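Protein chains: 2
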Amino acid sequence: MHDGIIDLKKDQTPEPGSALHRVSPAVVKRYDRTGLVAEKTEWVITERPVTLYVNGRELVTLLCAGHHLDELAAGFLYAEGFLGALHELERLEVDQESGSVEVWVSGDLSLAGRMWEKRAVTSGCGKGSLFYYSLDALLSKPVESSLKVTAVQVLDRVEELNRLSETYRRTHGVHNTVLATPDEVLLFRDDIGRHNAVDMIVGHCFLRGIPLADKLLITTGRLTSELLIKLAKVGMPFVVSRNTATTLAIKLADSLGITLIGYARGGRFVAYAGQDRIL
Amino acid sequence: MHDGIIDLKKDQTPEPGSALHRVSPAVVKRYDRTGLVAEKTEWVITERPVTLYVNGRELVTLLCAGHHLDELAAGFLYAEGFLGALHELERLEVDQESGSVEVWVSGDLSLAGRMWEKRAVTSGCGKGSLFYYSLDALLSKPVESSLKVTAVQVLDRVEELNRLSETYRRTHGVHNTVLATPDEVLLFRDDIGRHNAVDMIVGHCFLRGIPLADKLLITTGRLTSELLIKLAKVGMPFVVSRNTATTLAIKLADSLGITLIGYARGGRFVAYAGQDRIL
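Chains as they are written, first to last, in this note's numbering: chain A, 1 to 279; chain B, 280 to 558.
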């Protein structure tokens, strides 16, 4: 394990009943063409609202599985521009029971605040007006990285993600994401929202000063524009999914200097952009 | 076909190259363990930003596949409380090329506007503060419907959704949603965002005065809290997914009087809530 990286095994098996436990039992009725056939208890993925406060002001309520809230908050605020560097983080307090995270940050929040006000939610889970602001700023500074990865390394790391995901097959309700070097998976996170899982990984590394420019991010979620924008903001150079990409995500990966790989399954993958990093 | 319901066949096959066409060709490189094996053209799902203006003011930018923008806009504004009834819709103009929809509505927008300001985006694609406001209001008036559906009818309609979805298997990039009566599928919509597909169906019915209280909504997307809140707002009594539900979605369905069905595949399904509507 790399310095500062949480042990994977510990992360995969949270204490049943603990606040970190991601699933709850639900009594459901099962039907087939003959009608009601059984009443049984099924594991259902936990969803809970968690509210983020920045310098005493309510900023946002995230709907998430409710675990690793320190990483989730730090990653979200870093990607949104409320946190620029670790030294700007004065205090971060998680109240697991009430589902709130209070964060105190130094430095000038006026720009992040103004952009936040301009931001509009979208039912496509994308950014609103901010989308364009970020884009202009981002396109001026594409992601820089000398990372090179072989096709075999990509496929081996994807297989590791699949093995880790096994633990969560019983709920089918999560997106799984890992951070990896070409040679090993470093960190696994899952959540009901694919953005939350990415925020946790970004936050984990932000809190420990772990660089992202020499790492791969591998996810089970689809590759859409808002994910690419988030990853460009934090300098992630190499993004892999078992799933597909959209036209806009491919355009952004091209412009932002991000290697974009999709359909990584069954020993094959397609590269949409940044093929120069694939050996 | 019911009165006012668009012909399914026509909807499934938009003119290639037309603004309604949902996929674009992308040149990708395919790799396996031996390295680069092929350069080929693949169909990728279209993603584009579409900006909504209400009474001349920019409200939100949606990231979507870019089709049926009139339905998308009307459904979004209806579910968000900017439109209460059809007579309040004065004008709706779609500019397919620039990707914008201008909507003029009568009536007092102050409440919807205030709640909109309070709203916060979440990386889990959920609602922010508004989440709670809506909830308080919603819980006071659960969905009313005398709809009864047999298990066979549920499974037959799900099979129809699966057949309609075949058309989009080549991109893997969309969520599919249908509106149905117990006896037939009425309307099919797909989009990169599961919320967009639902908004289109809600908007289609809003624009034509088609009631929802006697219909089923069947989707390929996961059943999360924000979807349940949206469907409760528009009075949808019966919701089916091929996928799973979250703990919070089940709680909401219970409180809001919505029949919630998941894992509808392989001739079986589980009912999480509202089993009294299943015969």
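The C-beta atom is built at its ideal place from N, Cα and C for all residues, glycine as well.
Small disclaimer: the values here were computed from a predicted structure and weren't measured.
Contact between Ala232/A and Val143/A holds: their C-beta atoms lie close to 6 angstroms from each other, under 8 angstroms. Annotation for Thr340/B: Pro328, Thr330 place their beta carbon closer than 6 angstroms to its own, counting only its chain and skipping 5 residues before and after. Bridge partners of Asp190/A according to DSSP: Asn176/A. For the 9 angstroms CB-CB criterion, Thr429/B and Ile537/B do not form a contact.
Under the three-state reduction of DSSP output, Asp199/A falls in the helix class. With a 10 Å radius around the Cβ and a threshold of 16 neighbouring Cβ atoms, His346/B comes out buried. Counting the other Cβ atoms within 10 Å of the Cβ of Glu318/B gives fewer than 16, which makes it exposed. In this structure Ser106/A touches Glu90/A by the C-beta definition: roughly 6 angstroms separates them, less than 8 angstroms. The DSSP-derived three-state label of Ile324/B is strand. Between Ala524/B and Leu502/B, the C-beta gap is smaller than 9 angstroms, which places the two residues in contact. Per DSSP, the continuous alpha helix (DSSP H) segment holding Ser255/A begins and ends at 247-256.
Phe206/A has a beta carbon lying at 9 angstroms or more from every beta carbon in chain B. Rounded to the nearest whole angstrom, the C-alpha separation of Asn522/B and Asp108/A is 44 angstroms. Under the three-state reduction of DSSP output, Glu372/B falls in the strand class. Straight-line spacing of the CA atoms in Ile218/A and His87/A works out to 28 angstroms. Across the set Gly545/B, Lys509/B, Asp533/B, the C-alpha of Asp533/B shows the shortest separation from the C-alpha of Gly553/B. Against chain B, the CB of Ala232/A has no partner CB under 9 angstroms away; the residue lies outside that interface. In the same chain as Asp493/B, and ignoring 5 residues on each side of it, the C-beta atoms closer than 6 angstroms to its own belong to Leu426, in chain order.
In the three-state reduction of the DSSP assignment, Asp387/B falls in the coil class. The contact set of Lys29/A on chain B, defined by CB atoms closer than 9 angstroms, consists of Val549, Ala550, Tyr551, Gln554, Ile557 in chain order. In this structure, Leu228/A places its C-beta atom within 9 angstroms of the C-beta atom of Ala249/A. Around the Cβ of Val306/B, a 10 Å sphere holds fewer than 16 other Cβ atoms; the residue is exposed.
Between Gly482/B and His454/B, the gap from beta carbon to beta carbon reaches 9 angstroms or more. When secondary structure is reduced to three states using DSSP, Glu439/B falls in the helix class. Against chain B, a Cβ distance below 7 angstroms from Ser225/A picks out Glu326, Leu342. Chain-ordered listing is empty here: chain B has no CB closer than 7 angstroms to the CB of Asp70/A, the nearest sitting near 15 angstroms.
For Val431/B, the chain A residues whose C-beta falls within less than 8 angstroms of its own C-beta are Arg33, listed in chain order. With a threshold of 16 other beta carbon atoms within 10 Å, Gly75/A meets it and is buried. Residues of chain A whose Cβ lies closer than 9 angstroms to the Cβ of Gly546/B are, in chain order, Asp32, Arg33. Here Ser520/B is buried: its Cβ has 16 or more other Cβ atoms, across all protein chains shown, within 10 Å.
Taking the beta carbon of Arg222/A as reference, the chain B residues within 7 angstroms of it are Gly452, listed in sequence order.
Closest by C-alpha distance to Ala264/A, out of Glu372/B, Leu539/B, Arg312/B, is Arg312/B. In the DSSP assignment, Gly354/B falls within the alpha helix (DSSP H) that extends over 348-358.
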